[in-house]
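Residue numbers (our numbering), protein chains in the order written: chain P, 612 to 777; chain V, 54 to 475. We treat Cβ as the ideally placed atom computed from N, Cα and C, and that holds for glycine.
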Ligand code: SF4
């Protein structure tokens, strides 16, 4: 995946990713309209399909709303790189198939607008603008299985089918 | 090796003798919950799974709480999706008029009991951990899979032990212990960890007060918050339990990732200033700043139980709230509303000039019934004050305990309760 970086700070909570007042739809495109508008009112005007979000510590803290990763995916973001993630947000993202990579070094070094290339299988993050390379914390095999299946629903479907067949 | 309370419960739920932090387990759940925000996505995901029925009708509960009664057509549609699914599946459904905020409703009705593994699609699900249950917030997709299979994947968390020595003084409440703790350890201080609360200060606490502490485990990033069941727990659970329960206790040689000890007798009423629950100051410090306010909200899953309402009413009795202040009081559930009515508390609030509403989350999440405008300041008994949480991103919320909130409503600014109630 390749795209431009959009940089955010520490402790970006789910109310900033998508305010509660807009949690009245499950449609990714509709949710995306208000994605990140509190920290960056112009985010949706700039973001293009495939772009990458960069954030500080504890990204996605706050509520359990799955609307947060859904809105980010609806905005066209291909991957989030942060210093650290809040627990439920991390879990929701994996379950939905949104790649979330932990790399404090990359999150520090990458600047707004840098061109980023991510290889999920190896966890390699390349900053094409500065020609720097970083390695994210690898996913556990079980989580990689969920991501590769396309999310927890697909993963569970396969498991249920295997159970029924045996 | 000895196990913590969280490890004991998870070991039992995955059928193992022992589990350790970091173990990936598949665990059987005792209860699954979703609300009007999270259920619509959970239903969509459930339908994708192609499963016909939920794993156990009596163990899946849907609660309309956040935007209910519906605020507009869109929220009415969400309520409809949820209601129709609940009726079709025959799961447990609380209709308006019997419902309220899930984290107060479910333990009150006996759906969660000690030893349970309870997964809810709401971040404040850890509230029920005060009963000695492993009570964990998850997203809608996890809940959909749990509804279908009765199982969840989980990583066994390390446990943080928090011990509160001594007795609380004067106006200090359980809310202040937890706000003080978050101020100390930070809003990500317990990320991925189970928080095990113990100590002398907890012994005298009612269940109402205990739930306030585990409720805000979420604000420290905790996967769950737990308390060790005692006589108070048993007395609460016995008349309501909807299923069998087991009391687990941590082993004396359990291993803790971190231990924090506090002297509860020195903790003052605490205020979380905008814009983070970890941005705490003592009430004495804040009172000096002379912060004038526009609104007071007494409600939410943190502090809208009977004890909270009694204490707020005690301060308001015979007094009027300050001019130009609006004070919104929302008992957490219909049952609590009825009790408050019987005890005359609703009379006290309305006589003082408060607006009392039927159970809902309301202004806590900036949903409805008291959303803040730009620059407005609100003193709130709820749990979060991020930018935009209660309305406009430039509105401010100050998180406090119920007596401090009531005193602020009377004074029109943030004051020490002693200034109002002498
Ligand atoms: S009262 Fe507030 S924190 Fe509690 S469940 Fe409702 S919206 Fe969430």
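*Name the two residues that bound the continuous beta strand (DSSP E) containing residue 615(P).*
Residue mapping note: residue 615(P) aligns to position 4 of the first chain, counting from 1. Secondary structure note for residue 615(P): its beta strand (DSSP E) is the uninterrupted segment 613-618.
### Query
So what does DSSP say about residue 153(V), is it helix, strand or coil?
Walking along the second chain from the start, residue 153(V) turns up at place 100. Reduced to three states, the DSSP call for residue 153(V) is strand.
Practice item. Mind listing, in chain order, the continuous beta strand (DSSP E) runs of no fewer than 3 residues lying wholly within the segment 73-105 of chain V? Key: Under the rule that a run must span 3 or more residues, the beta strand (DSSP E) segments found entirely inside the segment 73-105 of chain V read 77-81 and 84-88.
Legend entry - C-alpha distance - residue 462(V) paired with residue 386(V), whole-angstrom precision: Taking the first residue of the second chain as 1, we reach residue 462(V) at position 409. Taking the first residue of the second chain as 1, we reach residue 386(V) at position 333. Answer to the nearest angstrom: the Cα atoms are 23 Å apart.
- Message: Counting only Cβ pairs nearer than 8 Å, list the residues of chain P close to residue 439(V).
- Response: Reading the second chain from its first residue, position 386 is the one you call residue 439(V). The answer, in chain order, is 624, 626, 627 and 673.
Sort 709(P), 718(P), 716(P) and 720(P) by Cα distance to residue 757(P) and report the nearest one.
Stepping through the first chain from its first residue, residue 757(P) is reached at position 146. For the residues 709(P), 718(P), 716(P) and 720(P), the minimum Cα distance to residue 757(P) belongs to 709(P).
* Asked: Got a sec: does ligand 1 put a non-hydrogen atom nearer than 7 Å to the Cβ of residue 436(V)?
  -> Counting from 1 along the second chain, the entry for residue 436(V) is found at position 383. Relative to ligand 1, residue 436(V) has its C-beta within less than 7 Å of a heavy atom.
Checklist line | Same chain, Cβ closer than 8 Å to residue 335(V), five either side skipped, listed in chain order | finding: Numbered from its first residue, the second chain carries residue 335(V) at position 282. Shown here for residue 335(V): same chain residues with a beta carbon closer than 8 Å to its own, the five before and five after excluded, namely 321, 322, 323 and 324 in chain order.
Let me check you understand the geometry: is the CB of residue 651(P) closer than 7 Å to at least one non-hydrogen atom of ligand 1? By 1-based counting over the first chain, the position of residue 651(P) is 40. The answer is no for residue 651(P).
From the beta carbon of residue 712(P), is the nearest beta carbon of chain V less than 8 Å away?
The sequence position of residue 712(P) within the first chain is 101, counting from 1. Not closer than 8 Å to any Cβ of chain V, the Cβ of residue 712(P) fails to qualify, so no.
Alpha carbon to alpha carbon, how far is residue 426(V) from residue 664(P)?
As a first step, residue 426(V) is located in the second chain; it is residue number 373 there, counting from the start. As a first step, residue 664(P) is located in the first chain; it is residue number 53 there, counting from the start. About 30 Å.
Here's the rule I'm using: 16 or more other beta-carbon atoms within 10 Å means buried, otherwise exposed. How should residue 244(V) be labelled? Position 191 of the second chain, counted from the first residue, corresponds to residue 244(V). It is buried - the Cβ of residue 244(V) has at least 16 other Cβ atoms within 10 Å.
DSSP on residue 181(V), reduced to helix/strand/coil?
Residue numbering aside, residue 181(V) sits at position 128 when the second chain is read from its first letter. If DSSP states are grouped into helix, strand and coil, residue 181(V) belongs with the helices.
Quiz item: How about residue 175(V): is its Cβ closer than 7 Å to a heavy atom in ligand 1?
Solution: The residue labelled residue 175(V) in the question sits at position 122 within the second chain. Checking the Cβ of residue 175(V) against ligand 1 gives yes.
#### Entry: Contact between the segment 431-440 of chain V and the segment 369-377 of chain V (3+ Cβ pairs under 8 Å)
Verdict: no, contact absent.
Taking CB distances under 8 Å as the criterion, tell me whether residue 635(P) reaches chain V. For the purposes of this step, residue 635(P) is taken as the residue at position 24 of the first chain. Yes, because at least one Cβ of chain V sits closer than 8 Å to the Cβ of residue 635(P).
- Item | Interface partners of residue 127(V) on chain P, CB under 7 Å | Residue 127(V) sits at position 74 when you count from the first residue of the second chain. Those are 635 and 636, listed as they occur along chain P.
At 4 residues or longer, what runs of the alpha helix (DSSP H) sit wholly inside the segment 652-688 of chain P? 654-657 and 678-685
Is the segment 191-206 of chain V touching the segment 239-258 of chain V, taking contact as three or more C-beta pairs under 8 Å? no
Proximal residues, the segment 164-175 of chain V versus chain P, C-beta separation under 7 Å:
Here the close residues are 174 and 175.
Pairwise C-alpha distance: residue 285(V) and residue 696(P)
Taking the first chain and counting its residues from 1, one reaches residue 696(P) at position 85. Taking the second chain and counting its residues from 1, one reaches residue 285(V) at position 232. About 36 Å.
Q | chain P contact for residue 97(V) (CB, 8 Å cutoff) | A | As a first step, residue 97(V) must be located in the second chain, where it is residue number 44. Chain P has a Cβ within less than 8 Å of the Cβ of residue 97(V).
Self-check item: residue 176(V) - DSSP class collapsed to helix/strand/coil
Solution: In the second chain, the residue the question calls residue 176(V) occupies position 123. Of the three classes helix, strand and coil, the one that applies to residue 176(V) here is coil, per DSSP.
Am I right that residue 364(V) and residue 305(V) are in contact with their C-beta atoms under 8 Å? What's the rounded C-beta distance? Stepping through the second chain from its first residue, residue 364(V) is reached at position 311. Stepping through the second chain from its first residue, residue 305(V) is reached at position 252. Rounded, the Cβ-Cβ distance is 36 Å, inconsistent with contact.
**Asked** For residue 227(V), is the beta carbon positioned less than 7 Å from some heavy atom of ligand 1?
**Response** Taking the second chain and counting its residues from 1, one reaches residue 227(V) at position 174. Proximity of the beta carbon of residue 227(V) to ligand 1 is not indicated: no heavy atom of the ligand is located closer than 7 Å.
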